[in-house]
Every structure is written in structure tokens, then in C-alpha cells.
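Data block below; observations after.
Number of protein chains: 2
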Amino acid sequence: MPNNMMSTMMNTPLGVKTLHQFGARHFSTSRVGDYDGQQIHWRSYAEIDANSARLANALTGLGIVPGDRVGTFMWNSTQHLETYLAVPSLGAVLHTLNCRLSTEHIAYIINHAADRFLMLDARLIETFLPVLPRIPDVEHVIVSSTGNDAVALNDPRVVSFESLLGDAEETFQWPEPEENAAAGICYTSGTTGNPKGVAYSQKTTYLHALASRSVDSFAVQERDVILMLPSMFHANAWGFPYSGWMSGADMVMPGPHLQGPHLRAMIESARPTLTAMVPTLLGDLLLADEEAPLDLSCFRAIVSGGSAVPSSMIEAVRDRWDVPVIQGWGMTETSPMCVLSHPPKDLNGQTETYWRLKSGRPVPGIEVRVMDDEGNLVEQDGTTVGELQLKGAWVTGSYINEETDAFTNDGWLRTGDVGMVDAQGYVQLTDRTKDVIKSGGEWISSVDLEDVLLQHESVAEVAVVAIDDTRWQERPLAIVRSKSDCEGEALPDQLRSFLVDKVAKFWVPEYWAVVDDIPKTSVGKMDKKLLREEVAAGRLAIQKHLGFGEVND
Amino acid sequence: MPNNMMSTMMNTPLGVKTLHQFGARHFSTSRVGDYDGQQIHWRSYAEIDANSARLANALTGLGIVPGDRVGTFMWNSTQHLETYLAVPSLGAVLHTLNCRLSTEHIAYIINHAADRFLMLDARLIETFLPVLPRIPDVEHVIVSSTGNDAVALNDPRVVSFESLLGDAEETFQWPEPEENAAAGICYTSGTTGNPKGVAYSQKTTYLHALASRSVDSFAVQERDVILMLPSMFHANAWGFPYSGWMSGADMVMPGPHLQGPHLRAMIESARPTLTAMVPTLLGDLLLADEEAPLDLSCFRAIVSGGSAVPSSMIEAVRDRWDVPVIQGWGMTETSPMCVLSHPPKDLNGQTETYWRLKSGRPVPGIEVRVMDDEGNLVEQDGTTVGELQLKGAWVTGSYINEETDAFTNDGWLRTGDVGMVDAQGYVQLTDRTKDVIKSGGEWISSVDLEDVLLQHESVAEVAVVAIDDTRWQERPLAIVRSKSDCEGEALPDQLRSFLVDKVAKFWVPEYWAVVDDIPKTSVGKMDKKLLREEVAAGRLAIQKHLGFGEVND
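As C-alpha cells, then:
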């Protein structure tokens, strides 16, 4: 027998087809519902699977070949799910487009990925109209919903979903795409520079879904009802469309209806067990509950990511409904599941909330390390800060047609995020490199400051950014939206007193702005880039109080 | 951009090293215990990981190279676990040997796999002694426990584990084995013909462990305490050593101590949450509880496989301790996780036990189909019987150096098991092809008959096999071990009456044998092959009652 012995296992390629067929075969009566702003319209897995086959037949009729890119410009919907299933299963590449980006960025991404087909949600026609003339290489634009909407676009490439599917067959001979072929493409939301694209493989999409079923990750299971709040145009919505389908979970698709009253309606009607949302949205739900009771006890877990979740929020959700909040840190580049804040079995003398405040522990398959500026490993002791770097099966190793310095010589992804890792592997992000405030040679964490400020009863939202300071190079500027209108001018002084025994003295901001609204990025994070621009342009009314070192404190 | 677009994901090979390092990095304080017949000796993951590195260094010193086979002839123990971790992580192949086989078969398997190294449990020296002269190509035999035992073997190839590890370094530079390289070898237990070997790959071993963490499979998790009853020499003990380590679960290793009082001691001391066992052993636990209360409420689930679990057993475990029994059907050829009897969320008007009595539903990644004798797909309707065939990532596609007819032309594994599959994918095994009783052109299921007979209060164990019959070609022979000695002769008549309104009339056996013990195979299943031999040799006292068609019934 030769050395370097090969296994005898079957060569069955892993991919979206594997999980697509598994869900269709075993869970034909599980359901997915579209919420239309009034009610949920439920459809069975059997119907959705049949429609995915019809779509595959229709696309084949239009000449699609393996490797072709199919863009989707759609809200979360059952039609979007059908596209999620059909396109990679037939060997083509699902390219989800962030509909909150600028016209320029949307056209750039479509052209850069060389999309040949485009699926368009009729509810987004207005947004898409100015993109259409800028994407000459797209051959077919398929519009969901009624044919009239499609006609309104007045472009020969446009066809309606319904007329295209027409009498297409409800079965399709799915091929066996290669494991390492691209299955999906997503571009980063581009908070810095042009958007950059990553291409998930068939295999990593399957692996990510399989890993999402673990108890210590999202525990996605047949009994779940997933409220699909994360956008399907962004990092595959935490992969829930795939892990949910593979597991036979019911799913609720909100479409564009993400505002408080709609969330309430969907939660009260479907009693979901699992969802994920940015902390801002979770804060909205807590406020909504204070206005009129909102029962969230149906959830077995709420995942929250995008930015750090304050302890007050974690404890409020626990105290009101006994529901655990799982923080997740992930990126477009990591498919996105990466680290999750499940407490360890041995709490080691700490509260459960202490562990839930961590960014999380890696899921198996992901490795995390902390490196200093010179590229040396620092102590992984939970206190030494450096750049977080990642490696793993569902982490990208490059960007599509793009040279970057985002990868180390030994092949790790440089995240640009700063933090530490402790002996058990728990990661604590402090800040994006650019969000750290460097004050007189010391670092101030904007995230930690925000967390403490959110504990004050009058604070609804707060963003802390660096502001130039002649004495300290940089100092923190706290931009606050208050819960009531009555505090105004007096609020910063109250908050400064509130901070005094909670953070180091030199952390207490002397720069303050009280605002009516804090701008968000296309994926719902606080837009610190825009805030810094507004500060630079003098568009914010900034109060200056006596600062650190200016009195004998 | 080219068509058939490749992904941008990192190329990080999946394998035992991935999960080995993950467990060591994140769960250094989790524990594994050796039970010595009196008490459990706990050791930390940190110690076990350090020892696995020492073993890797020692083997490297002996000249091991990637692809070399390392046989293990060991009970379940922490040293066996260290070998499980070290050998595949360094790119060599772990070949677990079933210590209950005959000397001839053991030597055959070692020579057939071309093992170069052999790890020997000192407690098995007596059994292994006659094998030693028959395996001339094995270069090194490493004996666990004391050096004195090793000396007793009087063979220059023999060295003790302790002296070998000596002052070996506690760190090792693990290489990156290829995904498709063999990681482990297991031979089938050979109920027919010579044992045949399968080689699990690095990738499939990782995938199997990852899939075992799903809620809808074994839900292996950090909070588990796994009582490692399934043999580590047989299909990787349901993969628990790997899924457990990857998840940071505590584990209890029973060594050779599998008898009732030892099980009681381990359960009462460690309060395990998860285990797997053959139905026979589960029956022993139920009987033990009747003798003196035994609290099994610590378990969150008990997996049972190897043969069908009777409903009486499933209900007894539920009623006494509120613990679900998960039936599992798997084979050496399937790594072994294949189908598991989790009830669906919609019970569809049936009881939960109805679903738990099914052999199970495939775990994602496994496909099952039922074929007739001519190789055509039969209706997958839950009633049409045929041969069960399997496909999937962790299913073998061949045997090591062996031509067989075990695979179809389109690449599916022919299991030799007979059963049906329903619309939701639930599999119901009826019998091994050779265990079906063909009576006058109709099939009688020996497994179903056994299940009904076990519901009778006097029956401790029962095996039904075919016996030649001049009129009906074959008829069922029921071989019964009763719970008490007092019934003897009268028992068969009682059981015949008991059966009358529970099975078809032609199923009621007229051939009966009441025995003191039913022989078991090396993996604890009832040895029907041996029973048939004993029947043929006239060694069983068989009663003949009036049979079907012999009176006007």
C-alpha cells in the first residue's frame, strides 16, 4: 500500500445543491412567509422548491451557463430565497447587491462582478432606475411582482419574473458544481474606499450552514421560526436562508418593513424563535416595549452584531423576557459567522453578562490571533491589544480582481479591527483601528465609552468619535441623541458627572453634541465616517467643556 | 472574468488537526476521566493535548512519516484519545482494531492495512500475545501503562508508552495534512466473510464531527459530559472522541468496565449528559434500576443503535427519567452517523414514540434511497420495501484493496439492509437481507417480531431467526431468554397467545427455544450468524408447536 494513503470516502461535492435538496426532500411542509406590511403570506417549502426549479429552467432558457453571475437587487422575500436556492444549485453565482448604496457604487459593483443577469424587486424600481443605463453588460433584468412594473422600466432587457417563469417545469436536473467554484458574491459595504468583493465557494457555503446548526453557534433547527431581519443582500443574512432551509426551519421575510410597528406585527403573528439585528434595532424594540408591552419571550435567542451591544441592553432583554442575547462579530469576508459570545460552562467567577459582553469565541473552523504593528504575535492574554487577524475555511483569502494589503504574508486576513484575545479564545474588540482615539499617547475606546453612556437613563443613542485637539492630539467627542427633548444643554454636564467614577478620568469627553438623529450606514451601523465629515465641515453644534488636565482634577 | 468562476476563500485544509487544535486552544480546563473499576481519574484537555504532542514527537523519533498506519488495540481510555488526536494530526493514519475479534482476524487486519506501528493497551496483553508472531511487518509495539508489562512480551519490537514518551517535548509543529488523505481506518466487524476496511479522510472526519454538533443530530456541546460507552475501536465510537473534543465536552472513558455495577458507578459519579449504547446494554440498565434505583435523569439524550430499540424500552426511559432515546442507524462505512430518529416538528397525528421507533431521518449530507432487486427506485412512500442505499460526504465509496459488489454503478453504497423510506425521508429498517424470513412467498420481519415479544413481561431478550420448513420453506424460530427461571416449558405457549392479536397470524412462530443466554457479536449485537450455526448443528433444544395452517385457524 502506498504511503500518503488516500481515503476510500465517496467524492460527493459539498455545496448549495446539497442543502437545497436536503431541505426540499425532508421538510416539504415547512413554511416561509412574506410580510406585506399587513400580514404574512405563508408558502410551503414544496412551493418554494418548485419555483426554484422553474427559475432554473427559465434562466437556462435564457442561456445561463455555470459561472455566470446573477445579481439580486431585492428585499428579503420568498422570491429572493428561491433565487438563493436556484442560482448556486445550477452552478451559477448569486451576487447579492446592497440596495442602500449609492447609484454609483451599485453600478460599479455590478460591472466589476460582470453580472450577466439581474433579479430586481419591483418595490425597488425607483432606486434602480438610474442604475440601469450604467450597466450595459447586464443582458437580462428580471423584475419580481407584476408585469406592469417591468414595462414601466422601458428597457428591452427587462422581463417580469411571472412571465419568464410562465409554464416552466417544476423539476430541474441540478448538476454537481465543483466544491471550490464560486456560489455567492458579496461586496463589502465600503465604509472606506471602493467596495471590494469576496466570492464564497459551494463548499464554504455548505460548511457555514452546517456550522450554524451547532448548539454552540446559532443552533438552527427544524423547530425554529427565523425572523429574517438581517438583509439577504449583506453577507447572506448571517447565512440563515441556507442554514434555515437545510434544517427545515420556518422563516419570516419582512421585505422593506423593518420599522417598529411592523416588527411588532411580525413578532406577534409568527412568534419567531430566532433573529439577528444590529443593536440599534434591538434598542428600538426595547423602547417600543416601554410604550406598549411587546412580548419577546418567543425567542430562544437574539443574535446581535454590527457593533458592540451595551450591557444594559443584554440585561434588559434577559430581565424582561429571559432571552439570551448572543453577540456576534463577523464580516462580509467571513461568510460572516466568526466569533459568538456564548458564555463558557465554567463562568470562572464572572457573571453571565460578563461573557455575553465579549465579542465572542470562535466557532470551530475559525482561528483568531492578535498581532502588533510590526506583525508579531502579542500575548493572547485578554489584555494586550493589537490587530485581530483571522484564518479559516469560510474566510476569504483574497478580493475579486483587487490588490490589497488586507492579507499577511502567512495568509491571514487583517481585519482592521483592534482588540484582544484571552486564554480561552474569547475575543474582545475594542475599536476599528480608525475609531480608536489616541489621546496623549494613550488609547481611548470609543466603544467602551458608548457602552457606559448608554447606561444613563436619558441616552437613546450615542456615537463617540475622535476630534482634533491641540494639546492631546485627539480627544473624544460624544454625539448624543437623548430619549426626551427636555434635557438639551444640561445633558452633557449630567453625563460627565455620570462618567466620573466609571471610566478613567482622561476618558471623560469635554466635547459634546446633542443631536436629533445619528446617521446610519446602509447596513444599520452608526455612520462614524459621515459623522467625522460633519464635524470637519463644522455642521455639528459642539459644546466644549473644561477638559482633562485643564483643572486640578 | 472567466466563467466557472472560482471562489476567493482561503485554502485551509479541514481535518483532525483543525478540531484537535480548536479543542486544545479553547477548552484547556475541560476534562477527560479514566474509570479504573473503582473511580474516575480526571485529566485536563491541557494535559491530554501535551501528551498527544509528546506522542507525536516520540513517533517522529521512531521515523513515522505521513501515511503510515498506526494500529490501536486499546480499550476506551485517555491514552487512546491522545492517539486519536496525535496520529491523524501528524498526517499518519489511525487504525483502530476490534479487540473482540479472533486472533486470525486481528492479524489479517493488521497485515492487510500494513500497519507499521501498534499501540497496545496493557490490559489486553493476554489477548494480543498470540497475534504478535503473526504480524512480522509491524515495526514497533508501544504498550500503555507500566514498563514491566512491556518486558513480559519478550519481543524486541515492544516498548512501553511511558519510556517512549520519556522527556519528549510537550509541543509539536503539526503539519497540514491534505484533506483527502486518510485519517483513520476501520474494518467492518465481519459478520460475513473477511473483514473489509474503509479509510475515513481528514475532511470527512472533521465534517462528521461538525455535523454531530447539530441540534438535530447529537447536539454535542461544551456542557456535555459524554459517557464513552461505544467502543473507540468501532467506527470511532460514533465520532464522539472528535465531536466531544472539538466542543470541549467532558468525557468518561470506561476502559474494559462495561458491566452493570461499573455503569452504575460511572453514572452516579460523573452524571453524564450523553451516551450511546446497544439496546442490550440499555435493557441491562433498565433491569438494574428495577433491582436498585438508578437515576438516569442526568442524561439529556441516550443514543441507541446496532439493532432496533423496542418501544417498551423507549417508553420506559421516557417514563422513568424523561430522557429521550435517539435511535441511530449507521455503519462502519458511514463514519458512522447516518440516520437518527428525531421526531419531526409536526408529529402528523402520531405519538412521539411512533417517530422514535423509526430508524431515523438522514442528517444533512447523507442521502438514502430504496431500490428493488433489479436496481430500480421503488416508491419512497414508507411502505414499499427494498434495499437501502446510501450516498454522502462521509460514506465510503470503496473498500481498501478489495473488489466488492457493495456499490452500484451510479456510485451508491448498497447496505444489504432492507427497509423503506417515507415522504419526509424517515427510514424504517426491517431486517438485514439475510435476517428476513421468507415464509411461503411472504416476508416476516424478525426485528418486528422481536419488538413485540420484548413487550411481554417475562421476556428479557429474544432473537428471531429463520428455520427451514418443508411446507413454508422458512419459518420463524424464536430464541428467548426469560427474566425469571420459573416459566420454562410454559413460556412459548404464553407468548404465542400474547402474539395472536398483535401480528399477522402467519407471523406467530411455532418453533421456540428457551435459553440461558443469547450470544453477542464483538460489538454487542445478538449474534444471529452463530445462532443459525447452533440451530444447524442441533445444539439448541427446539420445541415445535402446532404451526400456521396446521389447524383451522
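Protein sequences, first through last, are from chains A and B. Number 566 marks the last residue of the first sequence (my numbering); no jumps. Number 566 marks the last residue of the second sequence (my numbering); no jumps. Glycine included, C-beta positions come from ideal geometry on N, C-alpha and C.
Pick from B:Trp520, B:Ala473, B:Lys496: whose alpha carbon is nearest that of leucine 490 (chain B)? B:Trp520
Please report the straight-line C-alpha distance between leucine 466 (chain B) and arginine 545 (chain B), rounded to a whole angstrom. Approximately 19 Å, taken between the alpha carbons.
Whose C-beta lies closer than 6 Å to the C-beta of histidine 33 (chain A) among residues of the same chain, with five residues either side of it excluded? Contacts found: Leu98, Ser102.
By the DSSP assignment, the beta strand (DSSP E) with glycine 405 (chain B) in it spans what residues? Here the beta strand (DSSP E) through glycine 405 (chain B) covers 399 to 405.
Glutamate 182 (chain A) by DSSP, collapsed to three states: which one? In the three-state reduction of the DSSP assignment, glutamate 182 (chain A) falls in the coil class.
CB threonine 288 (chain A) to CB glycine 252 (chain A), shorter than 9 Å? no
Spatially closest choice to threonine 293 (chain B) from B:Val83, B:Ala476, B:Met259, B:Leu390, by CA coordinates: B:Ala476
Identity of the residue in B:Ala63, B:Leu94, B:Ser57, B:Thr443 nearest aspartate 180 (chain B) by Cα: Out of B:Ala63, B:Leu94, B:Ser57, B:Thr443, B:Ala63 has the C-alpha closest to the C-alpha of aspartate 180 (chain B).
Quick check: what's the CA-CA separation for threonine 396 (chain B) versus arginine 136 (chain A)? Going by the C-alpha atoms only, they are around 47 Å apart.
Which partner residues does tyrosine 48 (chain B) have in the DSSP bridge list? B:Ile53
Residue span of the alpha helix (DSSP H) that contains valine 330 (chain A), given as start and end: 324 to 334
Three-state secondary structure (DSSP) of glutamine 92 (chain B): helix
How is the alpha helix (DSSP H) around tyrosine 200 (chain B) delimited, first residue to last? Run containing tyrosine 200 (chain B): none in the alpha helix (DSSP H); it sits in the beta strand (DSSP E), 195 to 200.
Comparing C-alpha positions only, which one of A:Asp394, A:Val431, A:His469, A:Ser411 sits nearest to tyrosine 439 (chain A)? A:Asp394
Taking the alpha-carbon of aspartate 335 (chain A) as reference, which of A:Thr140, A:Gly343, A:Leu309, A:Ile155 has the nearest alpha-carbon? A:Leu309
Can we say the stretch 372 to 380 of chain A touches the stretch 400 to 408 of chain A, given the rule of at least three CB pairs closer than 8 Å? yes
From the DSSP output, in three-state form, read off tyrosine 367 (chain B) for me. The answer is helix: DSSP assigns tyrosine 367 (chain B) an H, G or I state.
Do the CB positions of glycine 424 (chain B) and lysine 451 (chain B) come within less than 9 Å of each other? no
Which whole-angstrom value is the C-beta distance of tryptophan 342 (chain A) and proline 356 (chain A), which I expect to be below 8 Å? Actually they are not in contact, since the Cβ atoms of tryptophan 342 (chain A) and proline 356 (chain A) sit about 16 Å apart, beyond 8 Å.
Quick check: is the beta carbon of threonine 409 (chain A) nearer than 9 Å to any beta carbon in chain B? yes
Taking alanine 127 (chain A) as the reference, give the member of B:Val478, B:Met18, B:His221 with the closest Cα. B:Met18
For serine 317 (chain B), which option in B:Leu178, B:Leu240, B:Pro143 has the closest C-alpha, if you only look at C-alpha atoms? Closest option to serine 317 (chain B), Cα to Cα, is B:Leu240.
Shortest alpha-carbon distance to alanine 66 (chain B) belongs to which of B:Phe40, B:Leu295, B:Cys199, B:Leu94? Closest option to alanine 66 (chain B), judged by alpha-carbon separation, among B:Phe40, B:Leu295, B:Cys199, B:Leu94: B:Leu94.
Neighbour list for serine 260 (chain A) in chain E, Cβ cutoff strictly below 9 Å: Absent here is chain E; the protein component of the structure consists of chains A and B.
Establish whether the CB of glutamate 10 (chain A) and some CB of chain B are separated by less than 9 Å. The structure shown has nothing for residue 10 (chain A), since chain A only spans 14 to 566.
Under 9 Å between C-beta atoms of valine 12 (chain B) and valine 228 (chain A): This structure cannot settle anything about residue 12 (chain B), because the visible part of chain B is limited to 14 through 566.
Contact check, methionine 259 (chain B) vs phenylalanine 86 (chain B), beta carbons under 9 Å: No, Cβ-Cβ distance for methionine 259 (chain B) and phenylalanine 86 (chain B) is not below 9 Å.
According to DSSP, which residues form a beta bridge with arginine 382 (chain B)? B:Gln402
Report the option in A:Tyr213, A:Pro269, A:Leu299 whose CA atom is closest to the CA atom of methionine 326 (chain A). A:Leu299
9 Å Cβ cutoff met for valine 431 (chain B) and valine 449 (chain B): It is a contact, given that the beta carbons lie within the stated cut-off.
Let's test the definition: count the other Cβ atoms within 10 Å of the Cβ of asparagine 70 (chain B) and tell me whether it reaches 16, buried, or not, exposed. If you draw a 10 Å sphere on the C-beta of asparagine 70 (chain B), you find 16 or more other C-beta atoms in it, and that means buried.
In whole angstroms, what separates the C-alpha of threonine 366 (chain A) from that of asparagine 361 (chain B)? 40 Å
Under 7 Å from the C-beta of phenylalanine 35 (chain A): neighbouring residues of chain B: Neighbours of phenylalanine 35 (chain A) on chain B, chain order: Pro377.
Contact with chain A by glycine 160 (chain B), beta-carbon distance below 9 Å: Caution is warranted here: a pLDDT of 49 is assigned to glycine 160 (chain B), below 50, making its placement in the model unreliable, and no coordinate value can be reported.
From glutamate 60 (chain B) to serine 372 (chain B), what distance separates their C-alpha atoms? 39 Å
Listed by chain order, chain B residues near lysine 404 (chain A) by CB distance under 9 Å: Taking a Cβ-Cβ cut-off of 9 Å, the neighbours of lysine 404 (chain A) in chain B comprise Met23, Thr25, given in sequence order.
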